[in-house]
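Position one of the sequence shown corresponds to residue 454 (my numbering), numbered consecutively onward.
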Amino acid sequence: MRRRVRFLNIPLVAGWLAAGAAGCATNPATGGLMLSLIGEEQEIAMGREYSAQVDATMGLYEDPQLEAYVDSIGQALAAVSERPQLPWSFKIVDDPTVNAFALPGGYLYVTRGILTHFNSEAELAAVLGHEIGHVTARHSVEQISRAQLAGLGLGVASILSDEVASLQGVIGTGLGVLFLSYSRDDEHQADLLGVRYGLRKAYDPREAVKVHRMLSRQTELRGGSGIPNWLSTHPSSEDRIDRIQAHVDTVPPQRLATTVVHRNEFLRLVDGLVYGENPRHGFFQEALFLHPDLAFQLRFPTDWRTQNLTQAVLALSPEEDALVQLTLAGTGGHTAAAREFFTQEGMSGAGIDRETINGLPATTGRFQARTEQGVLEGVAAFLDYNGRTYRILGYSPQGKLGRYEQAFRATARSFDRLTDPAALDAQPMRIDLLTLDRDATVAQLAARRGSPIPASELSLLNGVREDDVLSAGQTVKWVVGERPPGT
454 MRRRVRFLNI PLVAGWLAAG AAGCATNPAT GGLMLSLIGE EQEIAMGREY SAQVDATMGL
514 YEDPQLEAYV DSIGQALAAV SERPQLPWSF KIVDDPTVNA FALPGGYLYV TRGILTHFNS
574 EAELAAVLGH EIGHVTARHS VEQISRAQLA GLGLGVASIL SDEVASLQGV IGTGLGVLFL
634 SYSRDDEHQA DLLGVRYGLR KAYDPREAVK VHRMLSRQTE LRGGSGIPNW LSTHPSSEDR
694 IDRIQAHVDT VPPQRLATTV VHRNEFLRLV DGLVYGENPR HGFFQEALFL HPDLAFQLRF
754 PTDWRTQNLT QAVLALSPEE DALVQLTLAG TGGHTAAARE FFTQEGMSGA GIDRETINGL
814 PATTGRFQAR TEQGVLEGVA AFLDYNGRTY RILGYSPQGK LGRYEQAFRA TARSFDRLTD
874 PAALDAQPMR IDLLTLDRDA TVAQLAARRG SPIPASELSL LNGVREDDVL SAGQTVKWVV
934 GERPPGT
């Protein structure tokens with residue numbers, strides 16, 4: 454939901470300045486003054502709460518060895534930062550996008566997507582150090598403080614009151630902190646802090662430049678569109694890269710000579726890592742959503758914008774005034790789930806009936822929910838299948854149900870068993886390590902060995918150009934398997 458930001462009026466600016474003077478604090482990482490209305494204890498509490506939401510909503514990648522490795526690198530860097538006392542945590546999000554982010558209080562995440570694009574431990578350390586820098590310099594705290602002074606909420610606005618918040622079923626309002634935009638000064642400061650922490654642990658700072666080059670190349674390969682998440686929230690530029698390089702150039706050569714990269718150690722740990730979308734968690738074929746692990750399918754309205762999240766599958770109308778979402782509703786059965794839903798405070802139901810949908814027992818009905826922003830109207834369906842209860846909700850603002858009710862009901866009635874063998878057997882692509890037996894370029898290797906992704910993408914994964922000659926005996930990352938359906 455978009456939030457309109459009003460221009461500050463004079464009284465508000467005066468209040469901002471007065472509160473800002475009262476809320477000045479010393480930046481732990483730089484020693485300069487900063488705006489802070491949030492103490493460290495509250496910062497940690499906020500981060501802990503948001504972290505639980507990230508874990509539940511986005512999902513974590515299940516590889517204990519790799520997660521322990523990422524956490525160990527992060528913990529080592531955090532220990533030499535200006536805030537070693539924070540409850541630092543480093544986790545891997547099961548997401549194919551190139552992304553990394555830090556929550557207040559020291560809760561940091563990298564995606565498996567960004568891990569597939571690194572080629573050394575030092576590159577990983579550069580990104581973790583950058584994110585640690587955002588925390589040690591309290592950048593999110595300052596942004597939140599400014600938002601509080603301006604009377605703004607944080608990020609994703611909830612269209613539902615607390616009493617019926619279960620309807621939303623996606624990202625909690627607290628996770629709006631993930632969408633805060635850092636200033637150029639914040640980004641430059643985090644870059645330099647990341648280099649600082651990396652050097653303290655003897656990592657080669659030149660690898661930080663390689664990370665930004667990789668991100669810029671990815672943008673080039675996509676024609677300037679589809680910018681990676683980490684790049685869109687951490688805007689890169691040649692100027693920024695030049696500033697990092699200029700800082701690296703100030704490091705004495707004798708110190709650079711003692712730094713480490715740890716390429717092979719890192720590559721061994723990402724061997725077998727899932728690459729790209731994982732169809733086992735569900736995938737779209739146009740408007741049809743198929744879930745191999747849970748063996749069901751559901752057809753959403755045509756031309757609606759869809760998204761597959763860990764806890765929900767969503768479809769938003771082209772006018773952005775109606776939403777359909779699929780979630781699990783426990784294991785207690787459709788009757789109990791429907792009763793609990795329709796009897797919530799602030800909720801009223803109508804036309805509630807038991808029926809069967811493609812042979813599955815179900816309860817359906819219309820509902821009206823009172824919220825702080827107005828009244829929502831919609832259709833709810835609860836179905837039992839394979840020991841689980843599924844909930845399908847379609848809702849829109851009051852007065853628009855007549856326009857969307859048919860689409861809501863058609864979506865609910867499309868829920869069915871998945872029996873297509875090809876869909877049930879869909880497997881993800883994975884990273885596979887390859888040791889060259891002769892000199893070759895990535896383009897030559899792709900022509901000889903084949904891969905589900907193009908040579909341009911393979912070269913990006915390995916931090917080289919398609920026509921760069923790789924030496925015999927060198928280890929490279931390759932992508933094997935079949936491209937998942939719908940990608």
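For every residue, glycine included, the Cβ atom is placed at its ideal position computed from N, Cα and C. No experiment lies behind these values; they were computed from the predicted model shown.
Note to self: For glycine 786 and threonine 759, what's the separation of their Cα atoms in angstroms?
What the structure shows: Against the sequence shown, residue 786 aligns to sequence position 333. Against the sequence shown, residue 759 aligns to sequence position 306. Their backbone Cα atoms lie some 27 Å apart in a straight line.
Note to self: Classify valine 466: buried if its beta carbon has 16 or more other beta carbons within 10 angstroms, exposed otherwise.
What the structure shows: As a working note, residue 466 is residue 13 in the sequence shown. The pLDDT assigned to valine 466 is 32, lower than 50, so where the model puts this residue is not dependable, and the model offers no usable value.
Checklist line | Sufficient close CB pairs (3 or more, under 8 Å) joining the region 802-818 to the region 836-843 | finding: yes
Check: How long is the line joining the alpha carbons of glycine 783 and leucine 776, rounded to whole angstroms?
Finding: Working through the sequence shown from its first residue, we reach residue 783 at position 330. Working through the sequence shown from its first residue, we reach residue 776 at position 323. Cα to Cα, glycine 783 sits roughly 21 Å from leucine 776.
Check: How many Å lie between arginine 670 and serine 912 at the Cα?
Finding: Within the sequence shown, numbered from 1, the residue matching residue 670 stands at position 217. Within the sequence shown, numbered from 1, the residue matching residue 912 stands at position 459. If you take the alpha carbons of arginine 670 and serine 912, they lie about 10 Å apart.
Notebook entry, point to check: Would you report the Cα separation of alanine 472 and alanine 579, rounded to the nearest angstrom?
Noted result: Position 19 of the sequence shown, counted from the first residue, corresponds to residue 472. Position 126 of the sequence shown, counted from the first residue, corresponds to residue 579. Confidence in alanine 472 is poor, its pLDDT being 39 and thus under 50, which makes the residue's placement unreliable; the coordinate value appears in the next sentence. Rounded to whole angstroms, alanine 472 to alanine 579 spans 36 Å at the Cα level.
Next item on the list: Report the rounded CA-to-CA distance for tyrosine 562 versus lysine 544, giving the unit in angstroms.
Entry: Counting from one through the sequence shown, the residue named residue 562 turns up at place 109. Counting from one through the sequence shown, the residue named residue 544 turns up at place 91. One C-alpha to the other measures close to 5 Å.
Note to self: Within the continuous beta strand (DSSP E) that includes glutamate 535, where are the two ends?
What the structure shows: Locating residue 535 in the sequence shown gives position 82, where the first residue counts as 1. It is not in any beta strand (DSSP E) - glutamate 535 carries neither H nor E in the DSSP assignment.
Check: Around the C-beta of proline 557, are 16 or more other C-beta atoms found within 10 angstroms, so that it is buried, or is it exposed?
Finding: Counting from 1 along the sequence shown, the entry for residue 557 is found at position 104. Per the 10 Å Cβ criterion, buried.
Next item on the list: In the DSSP assignment, find the unbroken beta strand (DSSP E) run with proline 814 in it and report its ends.
Entry: Position 361 of the sequence shown holds residue 814. Proline 814 -> beta strand (DSSP E) spans 813-824.
Note to self: Mapping the DSSP letters down to three states, classify phenylalanine 795 as helix, strand or coil.
What the structure shows: Within the sequence shown, numbered from 1, the residue matching residue 795 stands at position 342. It is helical.
Next item on the list: Tell me whether isoleucine 906 sits in a helix, a strand or coil according to DSSP, three-state version.
Entry: Counting from one through the sequence shown, the residue named residue 906 turns up at place 453. Correct three-state label for isoleucine 906: coil.
Next item on the list: State the start and end residues of the unbroken beta strand (DSSP E) segment that holds lysine 930.
Entry: In the sequence shown, residue 930 corresponds to position 477, counting from 1. Counting along the chain, the beta strand (DSSP E) containing lysine 930 begins and ends at 928-933.
Check: Can you tell me whether glutamine 859 is buried or exposed, with buried defined as 16 or more other CB within 10 angstroms of its CB?
Finding: Position 406 of the sequence shown, counted from the start, is the residue given in the question as residue 859. By the neighbour-count rule (16 or more Cβ atoms within 10 Å), glutamine 859 is not buried but exposed.
Next item on the list: Whole angstroms is fine: what's the gap from phenylalanine 868's alpha carbon to glutamine 750's?
Entry: Start at 1 with the first residue of the sequence shown, and residue 868 comes out as number 415. Start at 1 with the first residue of the sequence shown, and residue 750 comes out as number 297. Approximately 6 Å, taken between the alpha carbons.
Item checked: Bridge partner(s) assigned by DSSP for alanine 833 -> Along the sequence shown, one-based indexing puts residue 833 at 380. DSSP lists Gly818 and Leu846 as partners of alanine 833.
Next item on the list: Would you check if the region 736-748 and the region 516-534 touch, i.e. whether three or more CB-CB distances between them fall below 8 Å?
Entry: no
Item checked: Sequence ranges, beta strand (DSSP E) only - wholly within the region 717-765, length at least 3 -> 736-738, 741-744, 749-752 and 758-761
Next item on the list: Drop a sphere of 10 angstroms on the beta-carbon of leucine 581, count the other beta-carbons inside from all chains shown, and report buried for 16 or more, exposed for fewer.
Entry: Locating residue 581 in the sequence shown gives position 128, where the first residue counts as 1. The residue in question, leucine 581, is buried, as its Cβ has 16 or more Cβ neighbours within 10 Å.
Check: Is alanine 775 helix, strand or coil by DSSP?
Finding: Mapped onto the sequence shown, residue 775 falls at position 322. Coil.
Check: With distances taken between CB atoms, is the gap from alanine 553 to histidine 587 smaller than 7 Å?
Finding: What you label residue 553 is simply residue 100 of the sequence shown in a count that begins at 1. What you label residue 587 is simply residue 134 of the sequence shown in a count that begins at 1. No; because the gap between Cβ atoms is not below 7 Å, this pair is not in contact.
Next item on the list: Helix, strand or coil for glutamate 808, going by three-state DSSP, please let me know.
Entry: Residue 808 sits at position 355 when you count from the first residue of the sequence shown. Glutamate 808 falls in the strand class under three-state DSSP.
Check: By Cβ distance below 6 Å, which residues in the same chain neighbour alanine 575 in space, the five residues on each side in sequence not counted?
Finding: Numbered from its first residue, the sequence shown carries residue 575 at position 122. Counting only Cβ-Cβ distances below 6 Å, and skipping sequence neighbours, we find Tyr656, Asp657, Glu660 and Val714.
Next item on the list: Pick out whichever of Thr672, Ala590, Ser636 and Leu674 has its Cα sitting closest to the Cα of glycine 647.
Entry: Translated into positions along the sequence shown, residue 647 becomes position 194. Among Thr672, Ala590, Ser636 and Leu674, the Cα nearest to that of glycine 647 belongs to Ala590.
Next item on the list: Put alanine 925 into one of helix, strand or coil per three-state DSSP.
Entry: Position 472 of the sequence shown, counted from the first residue, corresponds to residue 925. In the structure shown, alanine 925 sits in coil (DSSP, three-state: anything other than H, G, I, E or B).
Checklist line | Where the alpha helix (DSSP H) containing lysine 663 begins and where it ends | finding: Taking the first residue of the sequence shown as 1, we reach residue 663 at position 210. Taken as a continuous stretch (DSSP letters only), the alpha helix (DSSP H) holding lysine 663 covers 659-674.
Next item on the list: Using only alpha-carbon positions, find the residue among Val662, Asp885 and Val917 that is nearest to arginine 902.
Entry: The residue labelled residue 902 in the question sits at position 449 within the sequence shown. Per the Cα distances, Asp885.
Margin query: Measuring straight from C-alpha to C-alpha, what distance separates alanine 505 and glycine 512?
Written below: Working through the sequence shown from its first residue, we reach residue 505 at position 52. Working through the sequence shown from its first residue, we reach residue 512 at position 59. Approximately 10 Å, taken between the alpha carbons.
Checklist line | Exposure label - arginine 649; buried when at least 16 CB within 10 Å | finding: Sequence index remark: in the sequence shown, residue 649 carries index 196 (1-based). Classification of arginine 649: buried, given that the 10 Å Cβ count is 16 or more.
Check: For tyrosine 514, which three-state DSSP category applies?
Finding: In the sequence shown, the residue the question calls residue 514 occupies position 61. Coil, per DSSP.
Next item on the list: Under 8 Å Cβ to Cβ from glutamine 851, same chain only, skipping five residues before and after it: list those, please.
Entry: In the sequence shown, the residue the question calls residue 851 occupies position 398. Counting only Cβ-Cβ distances below 8 Å, and skipping sequence neighbours, we find Gln821, Gly827, Val828, Leu829 and Glu830.
Checklist line | C-beta contact flag for tyrosine 560 and serine 542 at 7 Å | finding: Looking up residue 560 in the sequence shown gives position 107. Looking up residue 542 in the sequence shown gives position 89. In this structure, serine 542 lies closer than 7 Å to tyrosine 560 by Cβ.
Note to self: When you compare the CB positions of alanine 833 and leucine 854, do they come within less than 7 Å of one another, or not?
What the structure shows: Indexing the sequence shown from 1 puts residue 833 at position 380. Indexing the sequence shown from 1 puts residue 854 at position 401. Taking 7 Å as the Cβ cut-off, alanine 833 and leucine 854 do not qualify as a contacting pair.
Notebook entry, point to check: Would alanine 748 count as contacting chain B if we go by Cβ distances under 7 Å?
Noted result: Of the protein chains in the structure, only one exists, and it is not chain B.
Check: Is alanine 475 buried or exposed, if buried means 16 or more other CB atoms sit within 10 Å of its CB?
Finding: Translated into positions along the sequence shown, residue 475 becomes position 22. The pLDDT assigned to alanine 475 is 44, lower than 50, so where the model puts this residue is not dependable; a value taken from the coordinates is nonetheless given after this. Flag for alanine 475 reads exposed.
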